[in-house]
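Per this note's numbering, the first sequence runs over residues 630 to 1459. Backbone N, C-alpha and C fix where the C-beta goes; we use that ideal spot for every residue, glycine too. The structure displayed is predicted, hence computed values, not measured ones. Have a look at the structure below before the remarks.
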Amino acid sequence: MERYPFAEIEPKWQRRWEEGGLFRCPTDAPNKYYCLVMYPYPSGDLHVGHGRNYIIGDAVARYEMMRGRSVLTPMGWDAFGLPAENAAIERGIHPPVWTDQNIIKMKAQFEAWGIGYDWEREFASHQPSFYRWTQWIFVKLFQHGLAYRKAASVNWCPSCATVLANEQVVDGKCERCDSVVAPRDLEQWFFKITDYADRLLTGLDRLEGWPERVRIMQRNWIGRSEGVEIDFTVAETGDPLPCFTTRVDTTFGVTYMVMAAEHPLLRGLVAGTDREAEVLAFADKVRAQAAIERGAADVEKVGVWTGRHVVNPVNGEKVQLWIANYVLMEYGTGAVMAVPAHDQRDFEFAREYGLPIRVVIDRPDDPLSADGMTEAYVEDGVQANSGEFDGLPNREGIERIADWMEGKGIGRRAVSYRLRDWLVSRQRYWGTPIPVIYCAACGPVAVPEEDLPVLLPTDVTFSGKGESPLTTSASFLEAPCPKCGGEGRRETDTLDTFVDSSWYLLRYISPKEESAPFVTTDVNHWFPVDQYIGGIEHACGHLIFVRFMTKVLHDLGLVGFDEPIERLFSQGMINKDGTKMSKSKGNAVPPDELIARYGADTERLYTLFIGPPDRDSEWSDTAVEGAYRFLNRVWNLVMDWPFDANGAATPEPLTAPDLPDSVQALHRKTHQTIRKVTHDMDGFHFNTAVAAVMELTNAVRSFIEGLGEKKPSGRERAAVREATRHIVLLLAPMVPHFAEELWERAAGSGSIFAAAWPGFDEDAAREDVVTIAIQINGKLRGDVDVPRGSEEAAVVALAQQNERLAKHLEGKELKRVIFVPDRIVNLIVK
RNA sequence: GCGAGAGUGGCGGAACUGGUAGACGCGCUGGAUUUAGGUUCCAGUAGGGAGACCUGUGGGGGUUCGAAUCCCCCCUCUCGCACCA
């Protein structure tokens, strides 16, 4: 069999698409479809696993194009980040040089895959023309109180004297020098994403085009809980020490209280007492532990008594105030009331330290005893030892006690979120400089709009040690205060790269605009993004940040929508040998060899065929050949039986009532396939779409084989042409070079992407003879072919005549018949 | 621990709102073509049984005329969060 010349046709069509501007999309195009694939970090290496993302995006874009939409498919580069800086440290390559080299490599890879983008809209986040606007947006947030500074802990390597990113900390040690990492507090910038917690949460309900999985992950990430904030006070000093609880019903069971080691009140409470030294030493230990054991499971609960007591406002009781490693400063108020009888953590802690346990939610049928308990009782029950609330079901108790507290002014209903404010400071060079100048007189002052961008300096040294490289640039560091003109010093932290990616999708609409980050009217035309495609790993990072930023921009009147993405698709990973592909593991399949051997279309087809695209899949080198074989079969089929591209020269119509059965069957199969592939493409079921086209191909081949040596009739020829023509059309989004070439050979000229996606004829697709399964007492015993829509009586009569069924029916009485039209008949006999 | 998803031939996977389980592809077996290997083409391929048939969708129960699909219990794997008060 002849092999199709992929090595010739692929570069040819890639050139044509680029020259002809197939993917160039005017900003004012009607009937818009914004198809967006998450822009990549330009690491330089792509393997076939990465390809899935882009191949899916390209197939969707081409499909929508054929359906008549004006498709915008842009691509850019998430260019800032740690690897470029590491390359600078390790190999002395300046980050922008390294980055730009990689961008060139990756662009060539996209081209070789045949993936089309509107390259006139390309940008990279490290270009001043882009990060200028990232800075501009930062300034807007700062001006509106949504960007603020506060102290926060960083990973500090004492030997490199530098801040480490979380991924540079391995087992609590510096990945470079193996020193133990210590926490250190720095003043850092935050975005007030918590102000938007509620809107981020409720907005999820409207995102029906998002995978449920992602919505659930975001809901959990935001972590809203309703409860009551209760006013405890320190008995000895009178300091208020509020705490948040979701279980007000257990407030009468508080037997001690615990605050976080980082709690700001702690120092004052123990100052001058004989417990001061021990308590502060313990607090330091906990904080160090928190930095190292982040993520470690099941840390043993330890604590120490502060020597102080608190007053429980519901009953005036004085209980001990402890600090312990299981209380987080970041959540709630940093202090919790402990109810060991009804909270497992408190229970374990109380047992360890001999603290009292008091049951306040009881089981009337099987009463609890504090001494006999082996774990906390966390189920529902009835209030006990709870003053006037005794006897109430605890669910009711929650409401009644909250009301009572609000009435007495000792507590109030409150909502707490797990979501924290977004820490955007990075002590790094290769990021967007934070456009702020510190002035001794005026404090932090935003760089005025007209002075943006604050450019990254090039006179910096990269040692991997000491403070951020930006502090080594004399030209950068000093700047006059924009407010008073006095001496100022620039912020040397840069922005988290997630700030860049929180708005990049807007920039594609107006990539060249010099007076604003984007043109509002154009952005309003193109948004929301019709289809966003990317990895699931961004579910709780990027995809929350981009929603947050959109809401902020909406509130500032800069965009007219507050959810940026209509439909989201998260593809699964492609694994090899059971694990994630990676260069270091040596199991990454590089695309170039594959393309040299089989062509890009084979890789594309296999990638789409490999399995459900939202699930992880296993790459198989031998299965790739199946895709290649299939394309060759189609190629030879079309070469032997050329079709007419515009479909007009059909020698004889396929509608005559007296069509031979075999012709009718092929005609029907063609229309059934169009229907199936259309539905599958709409639902992202590329694997079954490919399978359906394979089936049709098999059907055409058997049809042709069935013709034997005889000369085909006009109608036979027409049925084959109709099938092959549609095979090529249906495959076009998936294997574009291949389809273009066949289309051109059939028509002489013209792009298949100018052709419309085929419609199907329901009448032609309808089966007029159906096979009905016959069950006897629920067991399959045979089948009969009947005209579609046959009545029960006729089908049953046929079944009873069937010889194969006779012995199962012989001498039995027919008790009941279950009949499902066109599907099944179940005869119940006795 | 909590949340989500998954478990189907030797393998990847199909199966619409419960209605003939295993589409499509890989692999394998046999045959044809070929000097040969490869390619290509044809046939077969869930297991058991000579056969009529029987058994089969992680395991066990249940609902139903009928369950991969619905319900209950259990097991395994993957992912996310992980002391969130």
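With 16 other CB atoms within 10 Å as the buried threshold, where does residue i fall?
| i | result |
| --- | --- |
| P1242 | buried |
| Q847 | buried |
| D1159 | buried |
| V768 | buried |
| P1109 | exposed |
| L665 | buried |
| R632 | exposed |
| G963 | buried |
| I845 | exposed |
| L1234 | buried |
| S1139 | buried |
| A1485 | No information on residue 1485 is available, as it lies outside the stretch 630 to 1459 that the chain covers here. |
| M1268 | exposed |
| R644 | exposed |
| S1211 | exposed |
| A1256 | buried |
| H1314 | buried |
Rounded to the nearest angstrom, what separates residue i and residue j at their Cα positions?
| i | j | result |
| --- | --- | --- |
| A925 | Y955 | Here A925 scores only 49 on pLDDT, less than 50, and its place in the model should not be relied on; the value that follows carries that caveat. When rounded, the distance between both Cα atoms is 13 Å. |
| D1088 | G1117 | 19 Å |
| P659 | S699 | 7 Å |
| G721 | V792 | 20 Å |
| I718 | L1358 | 51 Å |
| E1439 | V1398 | 28 Å |
| F1127 | I1173 | 10 Å |
| L1185 | M1323 | 52 Å |
| N1023 | V1044 | 20 Å |
| R923 | W1051 | Annotation note: pLDDT 43 at R923 (below 50); position unreliable, coordinate value reported separately. Each residue's alpha carbon lies about 18 Å from the other. |
| L701 | G673 | 25 Å |
| G1170 | L651 | 33 Å |
| W706 | L1409 | 58 Å |
| V1413 | A1428 | 7 Å |
| E971 | A794 | Note on identity: in this sequence residue 971 is His, with Glu being the wrong assignment. Near 39 Å, if we compare the C-alpha coordinates of A794 and H971. |
| E648 | E740 | 13 Å |
| W642 | A1274 | 17 Å |
| V988 | A1013 | 7 Å |
Tell me the DSSP bridge mates of residue i?
| i | result |
| --- | --- |
| A708 | Note: A708 sits in no beta bridge, so no partner. |
| C786 | T791 |
| F1018 | Its beta-bridge partners do not exist; DSSP assigns none. |
| K947 | V940 |
| Q1160 | C664 |
| V1011 | D991, P1022 |
| M888 | I952, A964 |
| I1066 | V1074, R1119 |
| K1209 | N1204 |
| K914 | DSSP, once it has assigned bridges, lists no residue as partnering K914. |
Which of helix, strand or coil does DSSP assign to residue i?
| i | result |
| --- | --- |
| G838 | strand |
| E929 | coil |
| A1168 | coil |
| A964 | strand |
| G924 | Here the model assigns G924 a pLDDT of 43, short of 50, so the residue's position is not dependable, and the following value carries that caveat. Here G924 sits in coil by DSSP. |
| G1072 | strand |
| N1265 | helix |
| A1375 | helix |
| G721 | coil |
| E796 | helix |
| T1121 | coil |
| N1327 | helix |
| Q1429 | helix |
| T875 | coil |
| W748 | helix |
Report back the beta-carbon spacing between residue i and residue j to the nearest angstrom; my notes put them in contact at under 8 Å.
| i | j | result |
| --- | --- | --- |
| I732 | A753 | 6 Å |
| V863 | L870 | 6 Å |
| T1101 | T1090 | 5 Å |
| V1460 | F1198 | Coverage of the chain is limited to positions 630 through 1459, which leaves residue 1460 absent and any answer about it impossible. |
| G932 | V887 | 7 Å |
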